[in-house]
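Number of protein chains: 2
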Amino acid sequence: MKYGVVIFPSKTLQDRVNGYRKRYDPHYALVSPHITLKSPFDADIDDLDSISEKLRKVAAVHQPFSYHVSKVKSFEPVNNVIYFKVDPNDTLTSLYNMTHTEHFPGEELFPFVPHITIGQNLSDDEHSDVYGSLKMDSIDLTEIADRFHLLYQLENGVWTVHETFLLGKDA
Amino acid sequence: MKYGVVIFPSKTLQDRVNGYRKRYDPHYALVSPHITLKSPFDADIDDLDSISEKLRKVAAVHQPFSYHVSKVKSFEPVNNVIYFKVDPNDTLTSLYNMTHTEHFPGEELFPFVPHITIGQNLSDDEHSDVYGSLKMDSIDLTEIADRFHLLYQLENGVWTVHETFLLGKDA
Chain A
83 MKYGVVIFPS KTLQDRVNGY RKRYDPHYAL VSPHITLKSP FDADIDDLDS
133 ISEKLRKVAA VHQPFSYHVS KVKSFEPVNN VIYFKVDPND TLTSLYNMTH
183 TEHFPGEELF PFVPHITIGQ NLSDDEHSDV YGSLKMDSID LTEIADRFHL
233 LYQLENGVWT VHETFLLGKD A
Chain B
83 MKYGVVIFPS KTLQDRVNGY RKRYDPHYAL VSPHITLKSP FDADIDDLDS
133 ISEKLRKVAA VHQPFSYHVS KVKSFEPVNN VIYFKVDPND TLTSLYNMTH
183 TEHFPGEELF PFVPHITIGQ NLSDDEHSDV YGSLKMDSID LTEIADRFHL
233 LYQLENGVWT VHETFLLGKD A
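Here the protein sequences line up with chains A and B, keeping their order.
Going by our numbering, the first residue of the first sequence is number 83, and it counts up by one from there.
Going by our numbering, the first residue of the second sequence is number 83, and it counts up by one from there.
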């Protein structure tokens, strides 16, 4: 089974991001807008309790935090993903580091660049057009995160939440 | 903002239900297969912490339980919803009762009939055809529930999980 760990932004920001994703992101219907803390990884359903337990401990040693969404960026030339940049901060980095130890399955293909995807799988021309127009938009949002979620993927590609982990709550 | 409380069945059952919903349920893309414990209700975002706190207490006083999915049924003539019937059981009834007190917003239009929707918004003819063929399918599944989820709805109609509540865990 495939799992992943994400933070969902506020409803207001999710609605705004979906305004773009509806047009520019073929994954629009599969998962709500999110910051990926841990990319999709395979794990056996029998390991799920142990993974949840470890995530509960990770959540317990972090406090709710604010993060800043500062601009529209793209991962080109690596890939044609357009995203809202989330400025790095200590808590995000620590959450990432603690979910990427030998205690968790999964590997990352790229270094951690916190972001909220607004478009992907675009042709080079589309990407260039869309990115050219979106990067003019001024973004300056501060969001609060007090939880993260462990998701699993259904056969139809849709991600469902298995469990929520509240930051700063006893494990 | 609109909220709801649901139980998601196992991935295996969700995948099976989605096989039907893809064809027969226009809400297919909006929410994963579920048992509704509390129908969509309006609440102010400022009341969310208090609602979560109360749901945590409801979860704490129940233990994980098994439930039986026994057949395909329809709510006709009330409406053209085709569903997997979930046999009533004490824990489900108690979860329903405790989330329908004066401490929670929301009202139910119908008595509690636990079910997992597999088709809805069908024309009378479609409903009759589909139900006629599906009700021959023999269903006899036992599922374990150890959690429920508080969801909220985005502007595009999609339901996102706000929080998971584990049964039998201290509030």
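Heads up, the beta-carbon is just placed ideally off N, CA and C, and yes, glycines get one too.
This structure is a prediction, so every number in the text was calculated from the model and none was measured.
Exercise. With a cut-off of 8 Å, do at least 3 Cβ pairs link the segment 166–173 of chain A to the segment 142–158 of chain A?
Worked result: yes
Exercise. Terminal residues of the continuous alpha helix (DSSP H) containing Leu177/A?
Worked result: For the purposes of this step, residue 177/A is identified with residue 95 of the first sequence, where counting begins at 1. First-last of the alpha helix (DSSP H) with Leu177/A: 172–180.
Exercise. Straight-line CA distance for His244/A to Tyr234/A?
Worked result: For the purposes of this step, residue 244/A is taken as the residue at position 162 of the first sequence. For the purposes of this step, residue 234/A is taken as the residue at position 152 of the first sequence. Approximately 7 Å between the Cα atoms of the pair.
For this session: Identify whether Tyr256/B lies in helix, strand or coil by the three-state DSSP scheme.
Result: Absent from the model: residue 256/B. The displayed extent of chain B is 83 to 253, so no value can be given.
For this session: Would you list the residues sitting across from Lys84/A in a DSSP beta bridge?
Result: Residue mapping note: residue 84/A aligns to position 2 of the first sequence, counting from 1. Paired residue(s): Asp124/A.
For this session: Mind listing the chain B neighbours of Lys93/A? Cutoff is C-beta to C-beta under 7 Å, in chain order.
Result: Here residue 93/A refers to the residue found at position 11 of the first sequence. The answer, in chain order, is Met83, Tyr234, Leu236.
Exercise. By Cβ distance below 7 Å, which residues in the same chain neighbour Ala125/A in space, the five residues on each side in sequence not counted?
Worked result: Here the question's residue 125/A lines up with position 43 in the first sequence. So the list reads Met83, Tyr85, Ile133, Pro187, once near-sequence residues are dropped.
For this session: Write down the C-beta distance between His150/A and Thr246/A rounded to the nearest angstrom, noting that I regard them as a contact closer than 8 Å.
Result: Locating residue 150/A in the first sequence gives position 68, where the first residue counts as 1. Locating residue 246/A in the first sequence gives position 164, where the first residue counts as 1. Going by Cβ atoms, the distance from His150/A to Thr246/A rounds to 23 Å, so no, they are not a contact pair.
Exercise. Going straight from the alpha carbon of His115/A to that of Leu248/B, what length do you get?
Worked result: By 1-based counting over the first sequence, the position of residue 115/A is 33. By 1-based counting over the second sequence, the position of residue 248/B is 166. The question names His, but residue 115/A is Pro in the sequence shown. Roughly 25 Å separates the two Cα atoms.
Exercise. Taking C-beta to C-beta, are Ala142/B and Asp228/B nearer than 8 Å?
Worked result: Residue numbering aside, residue 142/B sits at position 60 when the second sequence is read from its first letter. Residue numbering aside, residue 228/B sits at position 146 when the second sequence is read from its first letter. Not a contact, by the Cβ cut-off of 8 Å.
Exercise. So, is Asn162/A buried or exposed, given that buried needs 16 or more other C-beta atoms within 10 angstroms?
Worked result: Here residue 162/A is taken as the residue at index 80 of the first sequence, counted from 1. Burial call: buried.
Problem set entry | Asn203/A burial status per 10 Å Cβ neighbour count (16 or more: buried) | Along the first sequence, one-based indexing puts residue 203/A at 121. Result: exposed.
Exercise. Excluding the five sequence neighbours on either side, which residues of its own chain have a C-beta within less than 7 Å of the C-beta of Gly239/B, listed in chain order?
Worked result: Locating residue 239/B in the second sequence gives position 157, where the first residue counts as 1. Contacts found: Leu112.
For this session: Identify the contact partners of Phe147/A in chain B, using a Cβ-Cβ distance below 9 Å as the criterion.
Result: For the purposes of this step, residue 147/A is identified with residue 65 of the first sequence, where counting begins at 1. Neighbours of Phe147/A on chain B: none; closest Cβ ~17 Å, over 9 Å.
Exercise. What in chain B is Cβ-close to Ala111/A, meaning under 7 Å?
Worked result: Start at 1 with the first residue of the first sequence, and residue 111/A comes out as number 29. Correct list: Ala111.
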